[in-house]
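First residue of the sequence shown? That's 199 in the numbering used here, and the numbers climb one at a time after it. Data first, discussion second: the structure below is written as structure tokens.
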Amino acid sequence: KSMSERKEFLTRQHEDILKSEENLTEIIRQMTVKMEQQFKEQFAAIAKTFDRVFGQIFGGGHGILRMTEGQDSLEAGIEIIGQPPGKKVQNMAALSGGERALTAIALLFAIQQQHPAPFCILDEIEAALDDVNVERFANYLKNMKDTQFIVITHRKGTMMVADTMYGVTMEEKGVSKCISVRFTG
């Protein structure tokens, strides 16, 4: 090939690469706009549900989700704020251990309600709660009929609302045995 043919070929390749870069940049821009829009919509829906679930679980009060300011929505942090009944608005760090656990549970249930999964495994999620809040948690859990929950627990209040309970015992050293009890009505 002659030098001019080679130059023409490379020029076309260069133009093709520039056009591809331009197309990819536009696709990325469009996807970013769509992701930001979907994130904001879902965040708003979860925040609204979180406030409702928080109030139901705590017997009043408010749960607030807020994006940190000064950053775009896809890179912003999220503040979780709780106001149990009769208390001032506080961020998570200022709440008691039980209040933090119950707030996190309320957020989990809010997300679950917005994006239901057919089943959910909870491993001692209520361990930090006192008996009154275990009962609140268990009653709320019992009312979530669209999801099957597998709950690992040592708390009597949670066990009381179970439809079926499984236990693992070790009658002989190194030999586990699974037992189940189904509760009716």
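Note that beta-carbon positions come from the ideal geometry of N, C-alpha and C, so glycine has one too. All values reported here derive from a predicted model rather than from experimental measurement.
Assumed close pair residue i, residue j - CB separation to whole angstroms, cut-off 8 Å
{"i": "G355", "j": "A326", "result": "About 13 Å; that fails the 8 Å criterion."}
{"i": "S202", "j": "K238", "result": "No, S202 and K238 are not in contact; Cβ-Cβ is about 54 Å, not under 8 Å."}
{"i": "L263", "j": "I276", "result": "6 Å"}
{"i": "T362", "j": "V349", "result": "About 11 Å separates the two Cβ atoms, so there is no contact after all."}
{"i": "E369", "j": "T351", "result": "The Cβ separation is near 22 Å, so there is no contact."}
{"i": "Q312", "j": "A242", "result": "That pair is no contact at about 10 Å."}
{"i": "P316", "j": "Q346", "result": "7 Å"}
{"i": "Y338", "j": "Q254", "result": "6 Å"}
Contact check, residue i vs residue j, beta carbons under 7 Å
{"i": "R353", "j": "E324", "result": "yes"}
{"i": "A308", "j": "F256", "result": "no"}
{"i": "P384", "j": "G261", "result": "As displayed, the chain neither begins before 199 nor continues past 383, which places residue 384 out of reach and without an answer."}
{"i": "V366", "j": "A336", "result": "no"}
Per DSSP, the bridge partner or partners of residue i
{"i": "V379", "result": "M363"}
{"i": "N289", "result": "I279"}
{"i": "F347", "result": "C318"}
{"i": "R197", "result": "Lying before the first or after the last residue shown, residue 197 is absent from the chain, which here runs from 199 to 383."}
{"i": "V373", "result": "E370"}
Rounded straight-line distance, which links the Cα of residue j to that of residue i
{"i": "A274", "j": "T382", "result": "48 Å"}
{"i": "E219", "j": "I225", "result": "10 Å"}
{"i": "V251", "j": "I215", "result": "52 Å"}
{"i": "C318", "j": "Q281", "result": "27 Å"}
{"i": "N341", "j": "R334", "result": "11 Å"}
{"i": "M290", "j": "K232", "result": "31 Å"}
{"i": "L305", "j": "I278", "result": "9 Å"}
{"i": "Q211", "j": "E234", "result": "34 Å"}
{"i": "M229", "j": "R204", "result": "37 Å"}
{"i": "E206", "j": "L222", "result": "24 Å"}
Problem - Start-end ranges of the alpha helix (DSSP H) lying completely within the segment 299-331, minimum 4 residues - result: none
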